[in-house]
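Residues 1 to 250 (full-length UniProt numbering) are what the sequence shown spells out, left to right. Where a beta carbon is used, it is the ideal one built from N, C-alpha and C, also for glycine.
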Amino acid sequence: MKISADLKIYLDNEIYLDKKQIALLKAIAKTGSIKEAAKILNISYKSAWDYLNALNFKQELVICKKNSGTKLSQKALKIIKNYELIQNLQQSFLDKISNININLEFISKFCFTLSARNQLQVTITKIIQGAVNCEVIGRLENGDELKATITLKSQQNMDLKLGDSVYFIFKAPSVIISKDKLENSLMPNILKAKVISATLGAVNSEIIASLSNQEQIVAIIPNDSTMDLRLSVNDEIGVIINANDIIIGK
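Given below as structure tokens:
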């Protein structure tokens with residue numbers, strides 16, 4: 001595992017220096033010219049000049065003289081030195097973290113504390129790529145399968161592969177509940193579940209259902225639907241999730 005981080009040094013509440021600005025100052029120190037420094041960094045002279053003007057308005061890091069070119073103030077040289085020192089310490093710290101055997105499963109569960117109530121861990125069993133979209137089939141611990149539809153670019157950016165352990169994430173209002181017989185249903189993304197709580201609100205109801213592997217799914221449906229379905233604790237239901245409503249977290 002490799003960890004990286006960008007470093008910024010704030011000189012006040014508005015002005016900061018990052019690696020790009022430090023590189024510009026170092027190039028000026030080397031060449032004695034804003035124009036030549038801009039060429040080295042492959043940026044326009046105007047961009048370099050505008051940034052330095054904004055920086056010098058408060059900090060006076062660059063001194064321009066008509067006959068002797070451009071040089072950095074002692075303050076600027078000290079900032080560069082301190083930046084490089086902090087950067088080395090930061091990299092040393094990150095290198096040590098990278099070599100620690102971190103429990104990635106714990107980190108994944110920790111990171112997905114999201115507004116979406118439903119987060120099911122699945123193992124990818126099939127990936128079907130289209131011209132634009134990609135279908136990702138994930139198997140739950142109990143053997144049930146769900147299909148998620150994402151863009152092909154997302155699948156490639158996430159480097160999703162067969163056997164990967166990922167999270168299928170979806171919001172409670174996107175869950176549909178049915179009490180119809182599901183044995184012969186051809187509709188995808190239907191999971192058998194049992195109602196463990198049904199709470200009526202002013203407009204909507206919160207239905208919490210348990211799958212056979214004890215994982216829970218939360219649905220938010222209108223009160224009228226709750227009454228029409230006559231939902232009560234221990235009812236066997238089908239929970240339906242549209243493949244387009246599923247976000248994949250890795």
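- Boundaries of the alpha helix (DSSP H) harbouring E36: 34 to 41, taken from the DSSP string.
- Counting only runs of at least 3 residues, the region 139 to 216 fully encloses the following beta strand (DSSP E) elements, listed from N- to C-terminal order: 145 to 151, 165 to 170, 175 to 178, 190 to 200, 204 to 210.
- If the five residues before and after F168 are omitted, its C-beta is found closer than 7 Å to the C-beta atoms of L120, V122, G138, L146, A148, I246, I248, all from its own chain and listed in chain order.
- Nearest to L152 by alpha-carbon distance, out of L72, S33, N204, C134, is C134.
- Distance from N142 to N189 at the Cβ level is roughly 15 Å; contact not present, criterion being Cβ atoms closer than 8 Å.
- When C-beta atoms of the region 192 to 210 are compared with those of the region 156 to 170, fewer than three pairs fall below 8 Å, so the two segments do not count as touching.
- Taking 8 Å as the cut-off, the beta carbon of V195 is found no closer than this to the beta carbon of N223.
- Its chain contains Y16 as the residues whose beta carbon lies nearer than 7 Å to that of Y10, once the 5 sequence neighbours on both sides are disregarded; these appear in chain order.
- Of the residues I217, G238, A29, the one whose Cα lies closest to the Cα of K171 is I217.
- Burial state of T226 is buried, judged by a 10 Å Cβ sphere holding 16 or more other Cβ atoms.
- Only residues of its own chain outside the window of five on either side were considered, and among them D18, K19, Y83, I86, Q87, Q90 have a CB closer than 8 Å to the CB of L7, listed in chain order.
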